[in-house]
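Residue numbers (the UniProt record's numbering): 1 to 263. Everything on this sheet refers to the single structure shown next.
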Amino acid sequence: MSGPTAPYIALDSAGPAAVDGRHIRALTFQSVRMEYLRRVLGQLSLAAAGSRALVVGSGRGLLARGLARLGFEVVAADPSPAATALALDADDGLGVTYLTTPAEELDVPDDSFDLVYCADTLEITERPDAVLREAARVLRPGAAFVYDTVNRTPVARLIYLGAFQGFPGTRIMPRGRYAAHRLRRPVELAESLDRAGLSAKDVSAFKPRDVRGLVRATRGRRRGTLTDDQLPELVDMVLEPESSPVVTYLGYAVRRELVTRPR
Numbered sequence: 001m002s003g004p005t006a007p008y009i010a011l012d013s014a015g016p017a018a019v020d021g022r023h024i025r026a027l028t029f030q031s032v033r034m035e036y037l038r039r040v041l042g043q044l045s046l047a048a049a050g051s052r053a054l055v056v057g058s059g060r061g062l063l064a065r066g067l068a069r070l071g072f073e074v075v076a077a078d079p080s081p082a083a084t085a086l087a088l089d090a091d092d093g094l095g096v097t098y099l100t101t102p103a104e105e106l107d108v109p110d111d112s113f114d115l116v117y118c119a120d121t122l123e124i125t126e127r128p129d130a131v132l133r134e135a136a137r138v139l140r141p142g143a144a145f146v147y148d149t150v151n152r153t154p155v156a157r158l159i160y161l162g163a164f165q166g167f168p169g170t171r172i173m174p175r176g177r178y179a180a181h182r183l184r185r186p187v188e189l190a191e192s193l194d195r196a197g198l199s200a201k202d203v204s205a206f207k208p209r210d211v212r213g214l215v216r217a218t219r220g221r222r223r224g225t226l227t228d229d230q231l232p233e234l235v236d237m238v239l240e241p242e243s244s245p246v247v248t249y250l251g252y253a254v255r256r257e258l259v260t261r262p263r
């Protein structure tokens with residue numbers, strides 16, 4: 001008698017048997033991303049109405065649609081054609097523009113956005129400086145760059161390299177999606193931001209309210225006993241702005257008036 005079939009791990013796939021860790025991550029991060037964005041908008045006195053926002057690494061477009069509901073005119077950019085197709089399929093008439101373009105070479109004009117949010121990118125790219133230079137290029141002077149990413153700590157390695165893509169019981173990502181050298185400490189990222197012409201303003205930790213909820217969610221999703229839509233409440237991500245980030249963190253920077261363009 002054969003044992004249970006291992007789940008099919010596939011990014012940017014809506015197949016009934018697929019476990020898409022990228023989409024799971026977007027769903028569970030959505031509430032803290034939006035909460036943090038609202039704080040940044042308040043601190044910068046940036047009104048969504050009449051402003052343009054770009055989401056880099058937009059996946060199926062969940063965050064882009066959240067920004068559109070705030071009143072932004074939104075462009076959602078992702079390097080995956082499959083993700084773009086899924087985003088278009090999920091679109092609910094909010095007027096989001098979906099593009100297939102890499103974060104390192106964005107196919108959008110200079111100085112054209114009031115806000116750029118970089119999601120699901122800085123912890124997987126081999127070229128973080130290129131990503132940040134592109135963000136600075138497309139931002140207007142004084143505009144905001146917001147991001148979330150993964151710290152390079154022993155705990156982060158255990159979760160992202162071990163639990164999420166190595167351990168059989170909790171694996172939701174393809175092997176190789178994350179690597180230790182692509183995880184970056186806040187101080188390293190601040191230096192990269194500065195090189196790109198972006199002035200770092202804040203870093204805020206976030207994490208599951210109870211790590212046991214994260215374990216139950218990943219195991220349940222792998223077994224098929226939980227749906228994607230059930231995961232955000234079970235994981236329950238919370239901001240910890242006064243804490244040092246152990247695993248994941250959000251932050252924002254502002255584009256300086258003068259940015260040197262590469263020749």
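The beta carbon of each residue, even a glycine, is placed where N, CA and C say it ideally should be. The structure presented is a predicted model; accordingly, all values stated were derived computationally and were not measured.
Count the other CB atoms, across all protein chains shown, that sit within 10 Å of the CB of Y160; report buried if there are 16 or more and exposed otherwise. As a working note, residue 160 is residue 160 in the sequence shown. Per the 10 Å Cβ criterion, buried.
Considering just the uninterrupted stretch of the beta strand (DSSP E) at F206, what are its terminal residues? On the sequence shown, residue 206 is found 206 positions in, with the first residue counted as 1. Start and end: 198-208.
Looking only at DSSP bridge pairs, what is T97 linked to? Start at 1 with the first residue of the sequence shown, and residue 97 comes out as number 97. DSSP, once it has assigned bridges, lists V75 as partnering T97.
Based on Cα-Cα distance, which residue from F72, V116, V235, V246 lies nearest to R219? Translated into the one-based positions of the sequence shown, residue 219 becomes position 219. Per the Cα distances, V235.
Sub-8 Å separation of L198 and L132 beta-carbons: The count along the sequence shown starts at 1 and reaches residue 198 at position 198. The count along the sequence shown starts at 1 and reaches residue 132 at position 132. Yes, they are a contact pair.
Looking at the unbroken beta strand (DSSP E) that takes in G251, where does it start and where does it end? Sequence index remark: in the sequence shown, residue 251 carries index 251 (1-based). Unbroken beta strand (DSSP E) run through G251: 248-255.
C-alpha gap between V187 and R65, whole angstroms: As a position in the sequence shown, residue 187 is number 187, starting the count at 1. As a position in the sequence shown, residue 65 is number 65, starting the count at 1. C-alpha of V187 to C-alpha of R65: approximately 31 Å in a straight line.
Do you know whose CA, among E105, D228, M34, lies nearest L70's CA? To locate residue 70, count along the sequence shown from 1; it is residue 70. Closest by alpha carbon: M34.
In whole angstroms, give me the CA-to-CA distance for D129 and I24. Along the sequence shown, read from residue 1 onward, the residue named residue 129 stands at position 129. Along the sequence shown, read from residue 1 onward, the residue named residue 24 stands at position 24. Looking at the two C-alpha atoms, the distance is approximately 27 Å.
Out of curiosity, what's the CA-to-CA distance linking L63 and T149? To locate residue 63, count along the sequence shown from 1; it is residue 63. To locate residue 149, count along the sequence shown from 1; it is residue 149. Their Cα atoms are separated by approximately 15 Å.
For D78, tell me which candidate among L226, L99, L86 has the shortest Cα-Cα distance. As a first step, residue 78 must be located in the sequence shown, where it is residue number 78. The residue with the shortest Cα to Cα distance from D78 is L99.
T227: first and last residue of the uninterrupted beta strand (DSSP E) it sits in: Here residue 227 refers to the residue found at position 227 when the sequence shown is read from its first residue. It is not in any beta strand (DSSP E) - T227 carries neither H nor E in the DSSP assignment.
The beta strand (DSSP E) that contains V150, what's its start and end? Along the sequence shown, read from residue 1 onward, the residue named residue 150 stands at position 150. First-last of the beta strand (DSSP E) with V150: 139-150.
Enumerate in chain order the residues of its own chain whose CB-to-CB distance from M1 is below 7 Å, with the five nearest sequence positions on each side excluded. On the sequence shown, position 1 is the one that residue 1 refers to. The predicted position of M1 is uncertain, since its pLDDT is 39 and thus under 50; no value can be drawn from it.
Please list the segments of the beta strand (DSSP E) lying wholly inside the segment 20-92, counting only runs of 3 or more residues, in order along the chain. 52-56, 73-78
Relative to the C-alpha of L11, which candidate in S204, V215, A85, R185 has its C-alpha closest? For the purposes of this step, residue 11 is taken as residue 11 along the sequence shown, with counting starting at 1. Minimum Cα distance to L11 is reached at A85.
What does the alpha-carbon distance come out to for the pair A87 and Y8? The residue you call residue 87 lines up with position 87 of the sequence shown. The residue you call residue 8 lines up with position 8 of the sequence shown. Between A87 and Y8, the C-alpha separation is close to 21 Å.
Should S31 and P232 be called a contact, given that it needs their Cβ atoms to be closer than 8 Å? Here residue 31 is taken as the residue at index 31 of the sequence shown, counted from 1. Here residue 232 is taken as the residue at index 232 of the sequence shown, counted from 1. Yes, the pair counts as a contact, with Cβ atoms nearer than the cut-off.
Beta strand (DSSP E) segment containing V116, residue limits: The sequence position of residue 116 within the sequence shown is 116, counting from 1. Start and end: 113-118.
Following the continuous alpha helix (DSSP H) through residue 325, name the residue where it begins and the one where it ends. In the structure as shown, the chain begins at 1 and stops at 263. Residue 325 is therefore absent and cannot be evaluated.
At the level of alpha carbons, what is the spacing between T225 and G169? Within the sequence shown, residue 225 is the residue found at index 225, counting from 1. Within the sequence shown, residue 169 is the residue found at index 169, counting from 1. Those two C-alpha atoms are separated by around 14 Å.
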